[in-house]
Amino acid sequence: MLLSFFGLIIGLGLLIFLTMRGINIIVAAIVCAAVVAASGGLGLEEAMSTHYMDGFTGFFKSWFLTFLLGAVFGKVMEDTQAAKAIADWVRRKLGAGRAVFAVVAACAIMTYGGVSVFIVAFSVYPIAVALFKEADLPHRFIPAALVFGSITFTMTSPGSPEIQNLIPTQFFGTTPGAGGWIGVAMALLLMVSGGLYLSRAVAKAVKSGEGFGYTYDPKAAGSANEEVAATAAEAAETKLPPILLAIAPLVLVVAALNLLSSYISTTSAVLIALLIGIFAGLVLMNKYARHYWAMFAKGTENALIATANTCAVVGFGAVAAKVPAFSAIVDTLVGLEGLEYVSLGLSVTLIAAITGSASGGLGIALPILAPIYMSQGLDPGAMHRISALASGALDSLPHNGYIVTTVRAVCHETHQRAYRPIFVLSVVIPFAVLCLAIVLYMMFT
Numbered sequence: 441m442l443l444s445f446f447g448l449i450i451g452l453g454l455l456i457f458l459t460m461r462g463i464n465i466i467v468a469a470i471v472c473a474a475v476v477a478a479s480g481g482l483g484l485e486e487a488m489s490t491h492y493m494d495g496f497t498g499f500f501k502s503w504f505l506t507f508l509l510g511a512v513f514g515k516v517m518e519d520t521q522a523a524k525a526i527a528d529w530v531r532r533k534l535g536a537g538r539a540v541f542a543v544v545a546a547c548a549i550m551t552y553g554g555v556s557v558f559i560v561a562f563s564v565y566p567i568a569v570a571l572f573k574e575a576d577l578p579h580r581f582i583p584a585a586l587v588f589g590s591i592t593f594t595m596t597s598p599g600s601p602e603i604q605n606l607i608p609t610q611f612f613g614t615t616p617g618a619g620g621w622i623g624v625a626m627a628l629l630l631m632v633s634g635g636l637y638l639s640r641a642v643a644k645a646v647k648s649g650e651g652f653g654y655t656y657d658p659k660a661a662g663s664a665n666e667e668v669a670a671t672a673a674e675a676a677e678t679k680l681p682p683i684l685l686a687i688a689p690l691v692l693v694v695a696a697l698n699l700l701s702s703y704i705s706t707t708s709a710v711l712i713a714l715l716i717g718i719f720a721g722l723v724l725m726n727k728y729a730r731h732y733w734a735m736f737a738k739g740t741e742n743a744l745i746a747t748a749n750t751c752a753v754v755g756f757g758a759v760a761a762k763v764p765a766f767s768a769i770v771d772t773l774v775g776l777e778g779l780e781y782v783s784l785g786l787s788v789t790l791i792a793a794i795t796g797s798a799s800g801g802l803g804i805a806l807p808i809l810a811p812i813y814m815s816q817g818l819d820p821g822a823m824h825r826i827s828a829l830a831s832g833a834l835d836s837l838p839h840n841g842y843i844v845t846t847v848r849a850v851c852h853e854t855h856q857r858a859y860r861p862i863f864v865l866s867v868v869i870p871f872a873v874l875c876l877a878i879v880l881y882m883m884f885t
């Protein structure tokens, strides 16, 4: 047992280290799964060919079509210029004086409408640069604004079409709107508290003398000034669709998902909703679309990569779930009599933190824990919302894929400069909200 615990800790630590070093998550997950299996007394052949692949293919089978249609929908919104139109409309309406709120609002509108967070980041970033430069706000807060608007309150809110809000429906028999008034209150609390923190942090930095003053990393091409100029020139040359047309597919996706999920399974509802969004985007903004087949080809490529990365993490978790140490941890958590909601939230949170993936944490924890708690007669809606909130509480540690991409690839920043506000917005505040949600569900369910 001691060796199993030691191997589990080493394997998890190695997974975090390798991903932070930029090693492909699929390769890292396989290597770390082998370490955990060997130290846990599992045969490597059985661990990798059976347990790992069962976890990998099981998640792929359940969620690939959702990832696929979501990625294609995102490419439709990107290639028809709808995403840029929404970001530009928010910029014009709010102006540089409310640059932080404008960036957060643009991200939130698109992610709550079902657009991939990566597409949102790349679409909104140029607008954010222009706004922050005009208002002379520190560039290092742009990643925090993008993260806050994309993967906090929008990802875990009732009614959201994001995968983190959909996975629990499969295990608890709920709809995307599950969680009642507590779920809605927690979403609003996340939005308000995070917004207040971010605005005050930026104001404090400005008061201390910080301004936009930023030059890209030498490895990145160009400078901030060049990007602003390029963005302005592109906007002037590109005719963007009207805001009502641009936002219509998002509204249709959310409305269709929440309406249909009351009559059919959530899995079917989200597929139909995304198909409606894709069709609406292509029809309403037909003249703005440039390369139809390229949208589907690139969307499929993005879906394969995103799904495979998540499946790799789930496969690692499937191997970890078979070692004695993991079973001992689960037994201890499940044995917290009268604290079932606490153990559920803590389990999902810890696994999401370890893997650096909200969907991966849910995919590993819920197949094991959901049947146990469902058999105890706990409220499915409460468990759904606690699981969703828990998946977004500690998943955004430095090795999280979206964090790394946003900070480095999108914003050309460094973790040293940009991660502190991200940590508060996507880890500290969501974890505090999760704790409050658990207390409220224990009191009122």
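In short: position in the sequence shown from 1, add 440, done, that's our numbering.
All C-beta atoms, glycine included, are put in the ideal place defined by N, C-alpha and C.
Nothing here was measured: the structure is a model prediction, and the numbers come from that model.
Counting only the Cα atoms, Pro-566 lies some 22 angstroms from Ala-645.
The beta carbon of Pro-861 lies closer than 7 angstroms to those of Phe-581, Ala-584, Leu-638 and Ala-641 in the same chain, with the five residues before and after it left out.
Counting only residues of its own chain and dropping the five nearest sequence neighbours on each side, Ser-836 has a CB closer than 6 angstroms to the CB of Ile-843, Ser-866 and Val-867.
Segment contact: the region 612–620 against the region 556–576, fewer than three CB-CB distances shorter than 8 angstroms; contact not assigned. Remark: C-beta atoms of Thr-747 and Thr-609 do not approach each other more closely than 8 angstroms. DSSP, reduced to helix, strand and coil, places Val-555 outside both helices and strands of the structure shown, so it counts as coil. Each residue's CA atom was taken as its position, placing Ala-561 and Glu-777 some 43 angstroms apart. Taking Ala-525 as the centre and dropping the five residues before and after it, the same chain places the C-beta of Leu-680, Pro-681, Ile-683 and Ala-686 closer than 7 angstroms to its C-beta, in chain order. The C-beta distance from Gly-841 to Ile-465 rounds to 7 angstroms, short enough to fall under 8 angstroms. The three-state reading of DSSP puts Gln-610 in helix, counting H, G and I together. For Tyr-637, the uninterrupted alpha helix (DSSP H) run begins and ends at 620–647, by DSSP. Residue state for Asn-698 is assigned as helix, using DSSP reduced to three classes.
A direct Cα-to-Cα measurement between Ala-643 and Gly-649 gives close to 10 angstroms. For Met-725, the closest C-alpha among the options Pro-689, Asn-749 and His-824 is that of Pro-689. Between Ala-469 and Ala-752 a beta carbon distance of about 4 angstroms is seen, short of the 8 angstroms cut, so the two are scored as contacting.
The beta carbon of Phe-736 is closer than 8 angstroms to those of Val-512 and Lys-515 in its chain, skipping five residues each way along the sequence.
Positions of the alpha helix (DSSP H) runs, each at least 4 residues long and wholly inside the region 843–885, are given as 855–863 and 869–884 in order along the chain.
Residue ranges of uninterrupted alpha helix (DSSP H) with 4 or more members, entirely inside the region 750–804 and ordered along the chain, are 764–774 and 780–795.
Between the alpha carbons of Phe-588 and Ala-536 lies a distance of about 18 angstroms. In the structure shown, Leu-577 falls within a coil segment according to DSSP collapsed to helix, strand and coil. Leu-586 counts as buried, since at least 16 other C-beta atoms from the protein chains shown sit within 10 angstroms of its C-beta. Under the three-state reduction of DSSP output, Glu-650 falls in the coil class, being neither helix nor strand.
Under the three-state reduction of DSSP output, Tyr-565 falls in the helix class. In this structure the region 547–555 does not lie against the region 816–824, because fewer than three pairs of beta carbons, one per stretch, are closer than 8 angstroms. Selection Gly-495, Leu-715, Ser-797 and Ala-761 evaluated against Gly-447 yields Ala-761 as nearest (Cα-Cα).
Cβ contact annotation for Ala-822 (same chain, cutoff 6 angstroms, sequence separation greater than five): Tyr-881 and Thr-885, in chain order. Residue burial annotation: His-491 is buried, with at least 16 other C-beta atoms found within 10 angstroms of its C-beta. For the pair of segments examined, the region 588–597 was found not to touch the region 784–795: the number of CB pairs separated by less than 8 angstroms stays below three.
Scanning its chain for C-beta atoms nearer than 7 angstroms, with the 5 sequence neighbours on each side dropped, one finds around Gln-604 the residues Met-595, Thr-596, Ala-798, Ser-799, Leu-802, Ala-828, Ser-831 and Gly-832, in chain order. If you draw a straight line from the Cα of Ala-545 to the Cα of Val-530, it is about 7 angstroms long.
Classified as buried, Asp-519 has 16 or more neighbouring CB atoms from the shown chains inside 10 Å of its CB.
Note on Arg-532: under 16 other CB atoms within 10 angstroms of its CB, so exposed under the neighbour-count rule. The beta-carbon separation of Ile-826 and Leu-876, rounded to 11 angstroms, does not stay under the 8 angstroms limit for a contact.
Contiguous alpha helix (DSSP H) elements confined to the region 498–554 occur at 522–534 and 539–552, taking only those with 4 or more residues. Val-850 is positioned such that its CB atom lies no closer than 8 angstroms to that of Ser-444.
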